[in-house]
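Sequential numbering of the sequence shown, starting at 1, is according to UniProt numbering. Every residue gets a Cβ at the ideal spot worked out from N, C-alpha and C, and that includes glycine.
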Amino acid sequence: MPKRSIFHISGYSSGPKDSEKRVRMDCDRPLSTPVRFLILSDTHGADLPSNLPPCDVLLHCGDLTEDGTPESIFAALRKLSKVKAKLRLVIAGNHDISLDRRYWVSQGGEESDSERAQALFNPDCGASQHSITFLSEGTHTFNLPCGAVFKIYASPYTPGWGTSAFQYPTGSDCFNPPNITPLWAKNVGTETSIIPENVDIVMTHGPPKYILDEAAGDSAGCEHLRNAIVRVKPKLHCFGHIHLPLEGWIYQAYRLAYKDPAELNSGDPEPIANIVKDWVGSNKARKKGFKCLSPGAAEDFRASKQQTLCVNAAMEGEKGELEHPPWLVTLDLPVTG
1 MPKRSIFHIS
11 GYSSGPKDSE
21 KRVRMDCDRP
31 LSTPVRFLIL
41 SDTHGADLPS
51 NLPPCDVLLH
61 CGDLTEDGTP
71 ESIFAALRKL
81 SKVKAKLRLV
91 IAGNHDISLD
101 RRYWVSQGGE
111 ESDSERAQAL
121 FNPDCGASQH
131 SITFLSEGTH
141 TFNLPCGAVF
151 KIYASPYTPG
161 WGTSAFQYPT
171 GSDCFNPPNI
181 TPLWAKNVGT
191 ETSIIPENVD
201 IVMTHGPPKY
211 ILDEAAGDSA
221 GCEHLRNAIV
231 RVKPKLHCFG
241 HIHLPLEGWI
251 YQAYRLAYKD
261 PAELNSGDPE
271 PIANIVKDWV
281 GSNKARKKGF
291 KCLSPGAAED
301 FRASKQQTLC
311 VNAAMEGEKG
321 ELEHPPWLVT
331 LDLPVTG
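In structure tokens:
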């Protein structure tokens, strides 16, 4: 664990002065600490595996349910509460329709049912009592018992496809400031929807373009979200929405390595230097109860300050069953004073 070096003051002294004691105490405090994140998505109301590992923070990237009713959301939250975690953070997905009041009412649902679904996350309800926090669109900061602090951006929205909840029109950029949006697109960014540049984690329901987003042979991710990730360069971007096939060896994680700003020029504006695909054995992962980076990949990721780990945490596969274990990722996070 990295520590600041201690400066020794030369000269004779019967003991350290008060000022030196304060310097030593401050220098001995660790700059960062490892935090374990268990990341899952697209559980669609199913029972969770019994062998999920304990973690510091659980992240659920949406689609808690299949039908999105308040009763289904309540049942899904009870299942999440059984996972050993100090903090549980949840966003909605396009299936969690009663949490999107406008969409729910447009489909003939009662507004009172939508209010009842959202009330499940109120402080006096079971979700908060089990340390489950529903994240609305925007940026949130959390302090953990270990002293670590992290900033996370959350969004349940995905590009429009058919009729579903939490969607934005295809071609609309809600994740970037206007100067980043290409000329062919419409910028609809707001104070809460634009991803700021000082976040550690981005949690969205949908994937960025060309990053673990293949659906029926097409790329279903959002180009503007990809531009935002490249602009912000968070430590972790986790999502779901796209159900990947089950194979003997699979990759559900990419590591984006960025170029040094000095290497960029007008002729080659692409800031991504390399995309590393991390392979995981599906049978071994199911036995352990989670997926994780190999020791070498994990060390390379933690040692680099210019990598973003992108994780597709959708547990439901193409057959409608929970085929994929969740991801267990360790991040070194700063420690508060």
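For residue i, does the count of other Cβ atoms within 10 angstroms reach 16, so buried, or fall short, so exposed?
i, result
"P169", "exposed"
"G296", "exposed"
"Q252", "buried"
"S50", "exposed"
"P245", "exposed"
"T141", "exposed"
"S114", "buried"
"P54", "exposed"
"P207", "buried"
"R88", "buried"
"K287", "exposed"
"L333", "buried"
In whole angstroms, what separates the C-alpha of residue i from that of residue j?
i, j, result
"L59", "F74", "17 Å"
"T133", "R231", "27 Å"
"V329", "L38", "7 Å"
"T190", "P196", "11 Å"
"P159", "Q167", "6 Å"
"R302", "L256", "13 Å"
"T163", "Q107", "10 Å"
"D200", "I152", "6 Å"
"K291", "W161", "30 Å"
"E321", "K82", "20 Å"
"L212", "A117", "31 Å"
"N187", "K284", "44 Å"
Report yes if the CB atom of residue i is closer than 9 Å to the CB atom of residue j, and no otherwise.
i, j, result
"Q61", "H205", "Sequence check: residue 61 is Cys here, not Gln. Against a cut-off of 9 Å, the Cβ pair of H205 and C61 comes out as a contact."
"A314", "I242", "yes"
"L52", "G240", "no"
"I91", "M203", "yes"
"N312", "S41", "yes"
"E316", "T65", "no"
Once DSSP output is grouped into helix, strand and coil, what is the label at residue i?
i, result
"V230", "helix"
"F74", "helix"
"W184", "coil"
"D296", "Position check: residue 296 holds Gly in this sequence, whereas Asp was assumed. Looking at G296 - three-state DSSP - the assignment turns out to be helix."
"V105", "helix"
"E110", "coil"
"H224", "helix"
"E115", "helix"
"L89", "strand"
"A154", "strand"
At least one CB of chain B closer than 9 Å to the CB of residue i: is that the case?
i, result
"I39", "Of the protein chains in this structure there is only one, and it is not chain B."
Taking contact to mean at least 3 C-beta pairs separated by less than 8 Å, is the segment 31-40 in contact with the segment 145-164? The segment 31-40 vs the segment 145-164: in contact.
The segment 219-227 / the segment 169-181 touching (three or more Cβ pairs under 8 Å): yes
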